[in-house]
Amino acid sequence: MQKVFLIVCFVICICSCKPKSVWTEQYEHKQYRQIDLSLMQGLPDNTKRKQLVHFLIERLKSELPAGVESISIDSLKRLSSELAKEYAYAHKGEISGLVPHRVVWTKELENNIREAFLKDAGKEELPMQTKGCNCMIAKLKTIYPDSATVPFPKDTLAKVAFQCRNELLGSDSKNQR
Numbered sequence: 002m003q004k005v006f007l008i009v010c011f012v013i014c015i016c017s018c019k020p021k022s023v024w025t026e027q028y029e030h031k032q033y034r035q036i037d038l039s040l041m042q043g044l045p046d047n048t049k050r051k052q053l054v055h056f057l058i059e060r061l062k063s064e065l066p067a068g069v070e071s072i073s074i075d076s077l078k079r080l081s082s083e084l085a086k087e088y089a090y091a092h093k094g095e096i097s098g099l100v101p102h103r104v105v106w107t108k109e110l111e112n113n114i115r116e117a118f119l120k121d122a123g124k125e126e127l128p129m130q131t132k133g134c135n136c137m138i139a140k141l142k143t144i145y146p147d148s149a150t151v152p153f154p155k156d157t158l159a160k161v162a163f164q165c166r167n168e169l170l171g172s173d174s175k176n177q178r
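In this note's numbering, each residue carries its 1-based index in the sequence shown increased by 1.
Here it is as structure tokens:
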């Protein structure tokens, strides 16, 4: 009987010693304010920004149950970038109102462009889509040699896409002869 009593006491102690979640209402509100402030200049539309911030908070809570301080700044930046891409893909065409800003050309920017461009490409289309993507990146780097304006202006993207399409179709028809 004494063993059962000790075991019950031990189980009660273990259950009551469960660590509290870092994501308290106050902590969540603090993170919300910080993210909202950081996005205010780039996304001035309050409704769209609130939707994005809410999404980011929910995803951060699930990805980082121990809080944003539990990982390095670099890892947090990478995670934030991945979450922003996830949101953009899920809300394709809905996210307008972003204020264009300059971003230095990096491998990460090129990879993000490639990923977005090739995301829906089928297996058979992939080689041609990859050539088209490489062409677009090269032309965009010519237009914006030091840093890119993100999001890219639609008319610029349309012009570059048209040029690359013509180049690829021209080279493709020459290869078929």
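For every residue, glycine included, the Cβ atom is placed at its ideal position computed from N, Cα and C.
Check	Outcome
Exposure of G171, with buried meaning 16 or more beta-carbon neighbours within 10 Å	exposed
DSSP bridge partner residues for A149 (one or two, in chain order)	V104
Reduced DSSP category for K160 - H, G, I as helix; E, B as strand; rest coil	helix
S82: first and last residue of the uninterrupted alpha helix (DSSP H) it sits in	I74 to A91
Reference K142; option with closest CA among V104, D121, E59 and K120	V104
Inter-residue CB distance, M129 and C165 (contact presumed, cutoff 8 Å)	So it is not a contact: roughly 11 Å between Cβ atoms.
Between the CA atoms of E125 and L38 - distance to the nearest angstrom	44 Å
Nearest candidate by alpha-carbon position, reference A149, set A89, W106, I114 and F118	W106
Distance between Q27 and L158 (C-alpha atoms, nearest Å)	43 Å
Three-state class that DSSP yields for L44 in the structure shown	coil
Residue burial classification, Q32 (beta-carbon count within 10 angstroms, cutoff 16)	buried
Collapsed DSSP secondary structure at A122 in the structure displayed	coil
Buried versus exposed, by CB contacts within 10 Å (16 or more), V69	buried
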